[in-house]
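Working notes, beginning with the structure itself.
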Amino acid sequence: MPNAPKSYLHPVLQDSQLSDDYLVGSSFTLELQAEVIDSEHSDQVVITTSIELKNGRLRDLLIDGDAMVVLDFYCIDTFYRQTITTNELVFDTAFNPGVIHGEVQGQAWLLASRDLANLRLEGIHPDYGRTATFNLKGYEPLAISLCESITIGFNTASVDNILMIVPASNLDPNSYSIDVSSNKILVQMGDNAYRARGILDSDSERRFLFMSIYKDALVAAIETLLSERDADELSWARSFRSLLESKGMNLEVEGFDFDQINQWALELVGSKGIERVIATND
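The structure is reproduced here in structure tokens:
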């Protein structure tokens with residue numbers, strides 16, 4: 007979402023460095039704040055959006071329903087995008103666990119919600135003339151904010167927040183592969199494996215109990231943290247290291263072997279699946 011100037015046939019309220027359509031005193035700015043809600047299963051992110059609209063005429067259009075706010079979120083690390091339409095200037099947006107992490111960008115638009123004929127605007131540059139009127143089509147912009155970004159981190163990471171599972175038709179239908187080189191641990195699954203995972207996915211405990219891919223992914227993650235000097239540059243690695251440390255698993259101890267790595271992975275999978283299955287049946 008680059009902040010790039012763009013010309014329109016009518017005044018559009020933007021940052022003064024991008025446009026002088028409006029005089030000093032009018033503005034349309036965006037502020038984002040994130041909260042990570044720690045839950046039993048994984049961390050949910052809630053982003054609070056605060057938009058400040060300083061222009062009486064544009065505020066009236068929003069209040070009267072002639073304009074609407076459209077907010078676009080984009081997560082750099084997970085490639086997740088969500089667009090929200092509202093008539094509010096301050097609101098919360100909850101994101102499902104795991105869909106956003108790392109840098110999240112946001113940009114707001116004030117758009118015409120319908121065709122507007124002979125529209126008069128206030129606070130515009132004198133070059134437009136005192137009696138100027140404008141005809142706008144629905145969804146044409148009235149104001150555009152700068153693109154803002156925030157960084158989402160997790161104090162207590164969860165397995166769901168560092169794994170991304172995707173289908174891969176190029177693999178054997180019953181196989182899977184693990185890639186730890188991105189900002190999330192990418193698990194690619196053949197068609198049959200992905201379908202089986204979907205069946206088990208309706209019960210999160212069964213998913214972790216019966217699908218060995220989670221243990222294999224965690225083994226690969228631990229091995230990467232131990233062997234790759236620059237691993238912490240990846241978002242999943244920072245979160246996963248925090249998760250390990252919260253469970254008393256110290257990566258600084260020398261002399262790790264595969265048995266120790268495998269045991270740690272089994273403990274993580276066990277706490278997500280085995281213990282919860284037992285607890286729900288006691």
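Going by the numbering used here, the residue at position 70 of the sequence shown is 76; the numbering climbs one at a time, nothing skipped. The beta-carbon is built from N, C-alpha and C at its ideal position, and this holds for glycine as well. Values in this document were obtained by computation on a predicted structure and should not be read as measured data.
Residue from Leu-125, Tyr-86, Thr-89, Leu-231 whose Cα sits closest to the Cα of Leu-67: Leu-125
Residue burial classification, Gln-23 (beta-carbon count within 10 angstroms, cutoff 16): exposed
Length of the line joining the Cα atoms of Asp-197 and Tyr-28: 55 Å
Segment contact, 8 Å Cβ cut-off, at least three pairs: the region 126 to 143 with the region 88 to 104: no
Euclidean distance between Cα positions of Ser-175 and Cys-81: 26 Å
Val-30 beta carbon near the ligand NAD (any heavy atom closer than 6 Å): As far as ligands go, the structure on display features none, and thus does not contain the ligand NAD.
Inter-residue spacing [alpha-carbon to alpha-carbon] between Ser-252 and Val-52: 23 Å
Assigned exposure category for Gly-71 - 16 Cβ within 10 Å defines buried: exposed
Assigned exposure category for Gly-104 - 16 Cβ within 10 Å defines buried: buried
Residue ranges of each alpha helix (DSSP H) within the region 38 to 124, 4 or longer: 62 to 69
Assigned secondary structure, Leu-19 (DSSP; H/G/I helix, E/B strand, else coil): strand
Stretch-stretch touch, CB-based, cutoff 8 Å, three pairs: the region 172 to 191 with the region 133 to 146: no
Pairwise C-alpha distance: Leu-257 and Pro-173: 32 Å
Contact belief for Val-18 with Pro-147 at Cβ below 8 Å, rounded distance in angstroms: 5 Å
Sheet register partners of Ala-149 (DSSP bridge): Leu-19, Leu-116
Residues bridged to Met-195 (per DSSP): Pro-173, Tyr-182
Cβ neighbours of Glu-46 in the same chain (closer than 8 Å, five flanking residues each side left out): No answer about Glu-46 holds up, because its pLDDT of 49 lies below 50 and its placement is not dependable.
Nearest-angstrom Cα separation, counted from Thr-230 out to Ser-187: 9 Å
Nearest neighbour of Lys-12, chosen from Ala-114, Ile-150, Met-170, His-107 [CA to CA]: Ile-150
Between the CA atoms of Arg-235 and Thr-286 - distance to the nearest angstrom: Residue confidence for Thr-286 is low, a pLDDT of 48 falling below 50, so the modelled location carries little weight; the figure read from the coordinates is stated next. Rounded to the nearest angstrom, the two C-alpha atoms are 41 Å apart.
Three-way DSSP call (helix, strand, coil) for Tyr-220 in this model: helix
Other residues of its chain near Ala-227: CB distance less than 8 Å, five sequence neighbours each side excluded: Ile-168, Val-186, Ile-191, Trp-242, Ala-243, Phe-246
Residue range of the unbroken beta strand (DSSP E) whose run includes Leu-142: 140 to 142
Beta strand (DSSP E) segment containing Ile-156, residue limits: 154 to 158
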